[in-house]
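A.B. asks:
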Amino acid sequence: MSNTTDGLEDVVALHSHICDMDGRLGKLTYFGVDIHDLARNSSFEETAYLLWYAALPTRTQLANFTQQLIANRALPPRLLEMMHLLPTSATPMEVLRTIVSALSMFDSDPQDKSLAASRQRALRLVAVFPTIIIAWEHIRNGREPVAPLTDGNHATNFLYMLKGEMPDPVLANMLDKAFVMHADHELNASTFAGRVTAATLADMYASVTSAIGALSGPLHGGANEQVMRMLMRISEPAQAHAYIVDAIKNKERIMGFGHRVYRTEDPRATHLRAMSEELGKRANDMRWYETSREVEAAVKELKGLYVNVDFYSASVYYMMGIPIELDTPIFASSRVAGWTAHILEQYSNNRLIRPRAEYTGPKVTEYTPIEQRGE
Ligand code: CMC
Numbered sequence: 000m001s002n003t004t005d006g007l008e009d010v011v012a013l014h015s016h017i018c019d020m021d022g023r024l025g026k027l028t029y030f031g032v033d034i035h036d037l038a039r040n041s042s043f044e045e046t047a048y049l050l051w052y053a054a055l056p057t058r059t060q061l062a063n064f065t066q067q068l069i070a071n072r073a074l075p076p077r078l079l080e081m082m083h084l085l086p087t088s089a090t091p092m093e094v095l096r097t098i099v100s101a102l103s104m105f106d107s108d109p110q111d112k113s114l115a116a117s118r119q120r121a122l123r124l125v126a127v128f129p130t131i132i133i134a135w136e137h138i139r140n141g142r143e144p145v146a147p148l149t150d151g152n153h154a155t156n157f158l159y160m161l162k163g164e165m166p167d168p169v170l171a172n173m174l175d176k177a178f179v180m181h182a183d184h185e186l187n188a189s190t191f192a193g194r195v196t197a198a199t200l201a202d203m204y205a206s207v208t209s210a211i212g213a214l215s216g217p218l219h220g221g222a223n224e225q226v227m228r229m230l231m232r233i234s235e236p237a238q239a240h241a242y243i244v245d246a247i248k249n250k251e252r253i254m255g256f257g258h259r260v261y262r263t264e265d266p267r268a269t270h271l272r273a274m275s276e277e278l279g280k281r282a283n284d285m286r287w288y289e290t291s292r293e294v295e296a297a298v299k300e301l302k303g304l305y306v307n308v309d310f311y312s313a314s315v316y317y318m319m320g321i322p323i324e325l326d327t328p329i330f331a332s333s334r335v336a337g338w339t340a341h342i343l344e345q346y347s348n349n350r351l352i353r354p355r356a357e358y359t360g361p362k363v364t365e366y367t368p369i370e371q372r373g374e
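Everything in the sequence shown is counted per numbering that gives the first Met the number 0, starting at 0 for the first residue and increasing by one.
1. Tell whether a beta-carbon distance below 8 Å holds between valine 145 and methionine 160.
2. Are any of the Cβ atoms in chain C nearer than 8 Å to that of glycine 31?
3. Using the DSSP secondary-structure output, state which residues sit across from lysine 26 in a beta bridge.
4. In three-state terms, what does DSSP make of aspartate 326?
5. Which residue from Ile34, Tyr366 and Asn156 puts its Cα closest to that of threonine 65?
6. Sorry if obvious, but does the Cβ on asparagine 249 come closer than 7 Å to a heavy atom of the ligand CMC?
7. Using the C-alpha atoms, what's the distance from glutamine 371 back to arginine 252?
8. Compare the C-alpha of leucine 210 against each of Ala70, Arg334, Leu278 and Leu27 and name the closest.
9. What does the shell around the ligand CMC hold, if a residue joins when its beta-carbon is under 6 Å from any heavy atom?
10. What residues match up with valine 306 in a beta bridge as DSSP calls it?
11. Mapping the DSSP letters down to three states, classify aspartate 265 as helix, strand or coil.
12. Applying the 10 Å Cβ sphere with the 16-neighbour rule, what's the burial state of histidine 341?
13. Would you check if there are 3 or more beta carbon pairs closer than 8 Å linking the stretch 74-89 to the stretch 130-138?
14. Ordered along the chain, which non-local residues of its own chain (more than five positions away) have a Cβ less than 6 Å from that of isoleucine 352?
15. Report back the beta-carbon spacing between alanine 154 and asparagine 223 to the nearest angstrom; my notes put them in contact at under 8 Å.
16. Ends of the alpha helix (DSSP H) at arginine 232?
17. What three-state label does DSSP hand valine 11 in the structure shown?
18. Look up valine 125 in the DSSP assignment and give the residues it is bridged to.
19. When the Cα of threonine 263 is compared with those of Asp108, Gly25 and Met20, which residue comes out closest?
20. At which residues does the alpha helix (DSSP H) containing phenylalanine 105 begin and terminate?
21. Just to confirm, is the Cβ distance from isoleucine 132 to leucine 95 under 8 Å?
22. Looking at the secondary structure, which residues open and close the alpha helix (DSSP H) in which arginine 58 lies?
23. Within its chain, find whatever has a CB closer than 8 Å to the CB of alanine 192; leave out the 5 residues flanking it on each side and keep chain order.
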């Protein structure tokens, strides 16, 4: 075997009609609709509909779809009880992974992979992600979970459950926009993990659980949380350049920079940067935005790397008053729409995903009986 590519870089593993990206031009589309148009004009609900139905909804379709999402927000009470038994040291991503896995046991027929049943399950999963994440945020802090809203969009409900009161509409709109921009991203690591699991004809809960596991790592969705921790260590704009010089000297990875596909600015980062600036101005506190700008300039100058989606989302969520541990779960609350769209696509035209490995171990090794192997 030859042509082995570690990390499957630039390997085209399957056909998909959901998301297109051009890393050289920094272009991203969902079913042909430009991410900039979606970021400016769409909502998370409309974007999720687009991902599952391959077309933007009419007003009536969107209203019905939104109502169905709202109706599916509650968690089975036994899962809430189960969450009370978990160690409070568990991270929100660990709990999300565990509870999504357990949800299959509350589905009367998780193996039914008909399109109608799969779409219904996808809707249920998207609706319930914020409920799980925010319930855990309250439980691990010794508080009772806040029941989901019976109206309002995904973003408003997320912030409402977190704060226990209706959020500032400006913040809810920004979070909605962030959800739109995180909803899908072609064959990223977590989507691939989800599709690999779905391609064995495992159920959707197993597939989404695989995807959550992949997203949690710091090279993928876990990067946003690490970005905020780095900004806090840097603490102010004037320290940024020296910090980055040191980090590069120590061969550290700077979180929120670099991308496997983009060779220019990640189009989502453009909107998140503007949101970070706007939030700084609103709070009359430009510290996090300006520190981010200095870090961005230093990494560009010293390593030639561009920011990715995780960089400015960190300061955006922080300035919204969202606990840092929820940064990656926010990503998951949106990307679950893309994961499930890809799982639907996988089920509709399935073939087992089973690549090969180029063997680099010893060719022949004699079997030595255990008595002859020494102590
Ligand atoms: N900081 C420092 N050096 C970097 C970085 C970084 N963030 N990203 C890439 N490089 C360097 C790397 O050291 C290597 O240099 P050299 O050739 O001298 O050894 C070169 O760039 C190529 O790196 P690579 O690891 O082979 O590139 P990759 O395509 O495998 O990795 C990546 C892509 C996103 C994992 C990587 O850029 C990275 O680790 N970034 C930091 C983590 C991060 O922000 N992840 C979020 C990714 S985007 C959204 C998401 O998926 O959540």
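A virtual CB, placed ideally from N, CA and C, is assigned to each residue, including glycine.
The model shown is predicted, which means the values in this text are computed figures rather than measured ones.
C.D. replies: Considering the structure as presented:
1. yes
2. Judged by its chain identifiers, the structure shown contains no chain C, having just a single protein chain.
3. Asp21
4. helix
5. Asn156
6. no
7. 45 Å
8. Contrary to the premise, residue 210 reads as alanine rather than leucine in this sequence. Closest option to alanine 210, Cα to Cα, is Arg334.
9. Gly6, Asn187, Leu218, His219, Gly220, Ala222, Arg252, Ile253, Met254, Gly255, Phe256, Gly257, His258, Arg259, Lys302, Leu304, Asn307, Val308 and Asp309
10. Phe256
11. coil
12. buried
13. yes
14. Val195 and Ala198
15. That belief does not hold up - the Cβ atoms of alanine 154 and asparagine 223 are roughly 16 Å apart, past 8 Å.
16. 222-233
17. coil
18. BP columns for valine 125 are empty, so no partner.
19. Gly25
20. Note, phenylalanine 105: premise wrong, no alpha helix (DSSP H); not H, not E.
21. yes
22. 58-70
23. Ser209, Ala210, Gly212 and Ala213
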